[in-house]
Amino acid sequence: MNKYSLLLILMIFFTASLSHAQNHTFDSVEPTTVTREIKRDNGQLYNLIITLPFDYQKGKEYKILYYLDAWWLKDLVSGCYRLLSLSNKTTTNNMEDVILVGISSVGDERAWNLQRNMDFTPSKFNSNLKFNLGEVPLDETTTGGAEEFLLFFKQQIIPSIESDYKVDSASRGIMGHSLGGLLGFYSYLNHSDLFSNYILLAPSVWWNDSEIFRDKASVVSKRESKMFTAMGTAEIKMMKGPMAILVEKIKSENNGKLKFTYKQYENADHHSVLPQAIYDGMELIYTKSK
2 MNKYSLLLIL
12 MIFFTASLSH
22 AQNHTFDSVE
32 PTTVTREIKR
42 DNGQLYNLII
52 TLPFDYQKGK
62 EYKILYYLDA
72 WWLKDLVSGC
82 YRLLSLSNKT
92 TTNNMEDVIL
102 VGISSVGDER
112 AWNLQRNMDF
122 TPSKFNSNLK
132 FNLGEVPLDE
142 TTTGGAEEFL
152 LFFKQQIIPS
162 IESDYKVDSA
172 SRGIMGHSLG
182 GLLGFYSYLN
192 HSDLFSNYIL
202 LAPSVWWNDS
212 EIFRDKASVV
222 SKRESKMFTA
232 MGTAEIKMMK
242 GPMAILVEKI
252 KSENNGKLKF
262 TYKQYENADH
272 HSVLPQAIYD
282 GMELIYTKSK
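Convert by adding 1 to the 1-based position in the sequence shown; the result is the number in this note's numbering.
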């Protein structure tokens, strides 16, 4: 499914939800979105796409969700959140006001694939299999930059945003799809101080023979956290098998610190899972009553 198909699905969602919208209407002013450029020490450029809640107030504290792959997911993420914001605020559906921050590569589709293949993978690709992701070969020169990227995230992205916006840093969230989901789970295991809320969509935990959890004594952090993970039943076997093992491992080891939800979507594949899973993940994490 390409970007334009996802946008079509969003338009359908908007139409279906019209009768439920009370706090805002479709004639309401669009949420404010600000884009700023940020440069790493290695010279690589990224865009930070900041979408503010309705009726944003400078002195008010907000929840914050950072999401990866904003180069192609920004419309879908902001659209799903807007739908949730339009819903009736009741005791069973009372959405938090959330600042959304998308991290985007700068350039064309190849630049996006080069960026994510390097930044989201925790180790150099070491399989004997040869294949490409986004027409970019996976090898030791194009992968394995997750540690450096998370350092950039911690030292530059977060201070850049959270010095300008008042946010609840204790409940900071991250959303990632595929390799982005792999990075999200890697950060949960190895940098639990960064985030406490995780929305991981079809995460590529198969990476390098599932090394991310294969030899770990425990895969559950001691920090209080919420995690929503999702995968479609039509996902390929390489993705589904390792994910099923990880889910069982998490459930068997859960120490009560992690509120873990795993949801499968009937007949959804690696990309068609996104619209509903993004919506459901944000609803689960950011509904006040849940």
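Every residue, glycine too, gets a C-beta built ideally from N, C-alpha and C.
Check residue i in the structure and name its three-state DSSP category.
i: Lys61; result: coil
i: Tyr166; result: coil
i: Gln157; result: helix
i: Asn133; result: strand
i: Glu254; result: helix
i: Tyr82; result: helix
i: Pro276; result: helix
i: Gln116; result: helix
i: Lys260; result: strand
i: Lys289; result: coil
i: Ser128; result: coil
i: Glu267; result: coil
i: Ser106; result: strand
i: Leu1; result: As displayed, the chain neither begins before 2 nor continues past 291, which places residue 1 out of reach and without an answer.
Of the residues the options, which one's Cα is nearest the Cα of residue i?
i: Ile158; options: Phe132, Ile175, Pro204; result: Ile175
i: Ala235; options: His271, Ala218, Asp194, Lys217; result: His271
i: Ala278; options: Gly182, Phe126, Pro32; result: Gly182
i: Asp42; options: Ser86, Gln156, Asn114; result: Gln156
i: Ala203; options: Gly145, Ser179, Leu190; result: Ser179
i: Gly233; options: Glu267, Asn133, Val220; result: Glu267
i: Met100; options: Lys59, Asp216, Phe153; result: Residue identity check: residue 100 is Ile in the sequence provided, not Met. Measuring from the Cα of Ile100, the nearest candidate turns out to be Lys59.
i: Pro276; options: Pro243, Leu190, Arg224, Ser79; result: Ser79
i: Lys125; options: Val107, Ser88, Glu141; result: Glu141
i: Leu285; options: Phe261, Lys252, Ala218, Thr33; result: Phe261
i: Tyr63; options: Trp208, Asn255, Thr52; result: Thr52
i: Thr34; options: Asp76, Lys61, Lys40; result: Asp76
i: Phe55; options: Asp109, Ser86, Ser273; result: Ser86
i: Leu190; options: Val274, Met239, Leu134, Ser219; result: Ser219
Excluding the 5 residues preceding and the 5 following residue i in the sequence, name in chain order all residues of the same chain whose CB lies nearer than 8 Å to its CB.
i: Asp210; result: Ser128
i: Gly177; result: Tyr68, Leu69, Asp70, Phe121, Leu183, Leu184, Gly185, Ile200, Leu201, Leu202, Pro204
i: Thr137; result: According to the sequence as given, residue 137 is Val; it is not Thr. The answer, listed in chain order, is Arg111, Asn114, Leu115, Asn118, Thr143.
i: Lys374; result: For the chain, the structure presents residues 2 to 291; residue 374 sits outside this window and is missing.
i: Leu195; result: Leu151, Phe154, Lys155, Ile159, Arg173, Ile175, Ser188
i: Lys217; result: Leu190
So, at 7 Å on beta carbons, what are the nonlocal neighbours of residue i in its own chain, with the 5 sequence-adjacent residues on each side left out?
i: Ser170; result: Glu163
i: Glu38; result: Leu46, Asn48
In chain order, what residues of the same chain lie with their CB nearer than 6 Å to the CB of residue i, ignoring the 5 residues before and after it?
i: Arg117; result: Leu180
i: Lys264; result: Ala231
i: Thr36; result: Asn48, Ile50
i: Arg83; result: none
i: Leu139; result: Phe126
Pick out the complete alpha helix (DSSP H) segments inside the segment 179 to 230, 4 residues or longer, and give them in chain order.
180 to 191, 208 to 215
Does the pairing of the segment 218 to 233 with the segment 143 to 153 give three or more beta-carbon distances under 8 Å?
no
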